[in-house]
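Trainee: This is the structure I have questions about; it appears just below.
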Amino acid sequence: MRLFTLKPARPIQGEITRSYLVLALGCALAGVAHAQFVQQGGKLAGSGAVGGASGPVDSPARPAQVFIAQPAIAAAPTVSTSPVPLPTISGNSGTLAGTVNPNGLDTHVWFLYGNSNPLFQPWSTPQQDIGSGTAAVSLTASLTGLFMTDTYYYQAVAQNSAGTVMGSVLSFSTIKTRPTVATLIATSVTSSSARLFGSVNQIAETGTQVWFQYSTSSSMSNALSTPHQTYPGYEAFWADLTSLSANTVYPVHGLRVQ
43 MRLFTLKPAR
53 PIQGEITRSY
63 LVLALGCALA
73 GVAHAQFVQQ
83 GGKLAGSGAV
93 GGASGPVDSP
103 ARPAQVFIAQ
113 PAIAAAPTVS
123 TSPVPLPTIS
133 GNSGTLAGTV
143 NPNGLDTHVW
153 FLYGNSNPLF
163 QPWSTPQQDI
173 GSGTAAVSLT
183 ASLTGLFMTD
193 TYYYQAVAQN
203 SAGTVMGSVL
213 SFSTIKTRPT
223 VATLIATSVT
233 SSSARLFGSV
243 NQIAETGTQV
253 WFQYSTSSSM
263 SNALSTPHQT
273 YPGYEAFWAD
283 LTSLSANTVY
293 PVHGLRVQ
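Each residue of the sequence shown is one higher than the one before, starting from 43 at the first, in our numbering.
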């Protein structure tokens, strides 16, 4: 806000005049540095400096006034948290959504999320700069590394120079999905032993049991199993076979996940 006040100054000797001094408080509007008016008859006459140049000023007489020039009011962003789109939810991932209106100021946005409501020591997605527009902007953020069949709470957050605003807290639940498994090439093959390798994607949850089945028949009849192992938390793992028969083909049915 820029405030201008007309204030009486010392009268000029020998003239029946009333003079006013214009004082600019704060930043000068349109470059006005100062101006002085003297009431002579029915007019205010005087001079002023605008943008560094001086010149005469002539205006109808008027009483002292206060002039207020007020720019548009800066506003904090407007934030709305949106439901997580169902197609984006899996066993260990999901996509958060929301809308934010910057309200004319450069705005940064992000999400907070966690396992409690209200959110306590939540995780945060990376901040995004959505600019300084005046229309609502869609906001999304992908989450990975979540636990299956767990409930997560989240809210959109936006911040500009006028303040920080938080959207409402919503929730979603991850779903239980079957891991994807694959049998890899066996290594260290001898006449009586081999090392089997398999992989499982990281959807597998803690406590998942894995093992191999192998047989001398392509139909996997009378298949034998390796000892069960607890999923170690990374994709590839192995099992060693011993007491194999030389010159025998052993189809490996693949990695079994329970």
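Glycine residues also receive a C-beta, built at the ideal position from the N, C-alpha and C atoms.
Would a C-beta distance cut-off of 8 Å place Val211 and Asn143 closer than the cut-off?
Mentor: No. Outside cutoff.
Trainee: Output the distance between the C-alpha atoms of Ser261 and Val242, rounded to the nearest integer angstrom.
Mentor: Ser261 and Val242: Cα-Cα distance of roughly 23 Å.
Trainee: Under 8 Å by Cβ, that's how I've got Val126 and Ala118 pegged, so tell me the actual separation to the nearest angstrom.
Mentor: No, Val126 and Ala118 are not in contact; Cβ-Cβ is about 25 Å, not under 8 Å.
Trainee: Identify every residue that forms a DSSP beta bridge with Ala208.
Mentor: Here residue 208 turns out to be Met, not Ala, going by the sequence shown. Paired residues: Val199.
Trainee: Could you work out which residue in Thr182, Thr229, Trp280, His150 is closest to Leu205 when comparing CA atoms only?
Mentor: It should be pointed out that residue 205 corresponds to Gly in this sequence rather than to Leu. Here the closest residue by C-alpha is His150.
Trainee: Quick one: give me the first and last residue of the beta strand (DSSP E) that His270 is part of.
Mentor: His270 -> no beta strand (DSSP E), and no H or E assigned at all.
Trainee: Among all the DSSP beta bridges, which residues are the ones paired with Leu226?
Mentor: DSSP, once it has assigned bridges, lists Phe239 as partnering Leu226.
Trainee: Report yes if the CB atom of Thr229 is closer than 8 Å to the CB atom of Phe214, and no otherwise.
Mentor: Their beta carbons are not under 8 Å apart, which means Thr229 does not touch Phe214 by this criterion.
Trainee: Give me the DSSP bridge partner(s) of Gly156.
Mentor: Answer is Tyr195, bridged to Gly156.
Trainee: Note the first and the last residue of the continuous beta strand (DSSP E) segment covering Leu128.
Mentor: It is not in any beta strand (DSSP E) - Leu128 carries neither H nor E in the DSSP assignment.
Trainee: In this structure, how does DSSP classify Gly133 when only helix, strand and coil are distinguished?
Mentor: In this structure, Gly133 counts as coil in the three-state DSSP scheme.
Trainee: Once DSSP output is grouped into helix, strand and coil, what is the label at Asp282?
Mentor: Strand at Asp282.
Trainee: Mind reading off the beta-carbon distance from Ala183 to Thr167? Whole number of angstroms is fine, and I expect it under 8 Å.
Mentor: Right, their Cβ atoms sit about 4 Å apart.
Trainee: Provide the residue span of the beta strand (DSSP E) that contains Gly175, from first to last.
Mentor: It is not in any beta strand (DSSP E) - Gly175 carries neither H nor E in the DSSP assignment.
Trainee: With H, G and I counted as helix, E and B as strand and the rest as coil, what does DSSP make of Asn289?
Mentor: Reduced to three states, the DSSP call for Asn289 is coil.
Trainee: Taking 8 Å as the limit between beta carbons, can you name the residues of its chain near Gln169, skipping five residues before and five after?
Mentor: Hits under 8 Å: His150, Val151, Trp152.
Trainee: Which of the three DSSP states is assigned to Ala116 in this structure?
Mentor: Ala116: coil per DSSP, three-state reduction.
Trainee: Quick check on DSSP: helix, strand or coil for Phe162?
Mentor: Coil.
Trainee: What are the partner residues of Asn143, as DSSP defines its beta bridges?
Mentor: In DSSP, Asn143 forms a bridge with Thr120.
Trainee: Once DSSP output is grouped into helix, strand and coil, what is the label at Val252?
Mentor: Of the three classes helix, strand and coil, the one that applies to Val252 here is strand, per DSSP.
Trainee: In angstroms with no decimal places, state the Cα-to-Cα distance between Thr130 and Ala288.
Mentor: Cα to Cα, Thr130 sits roughly 50 Å from Ala288.
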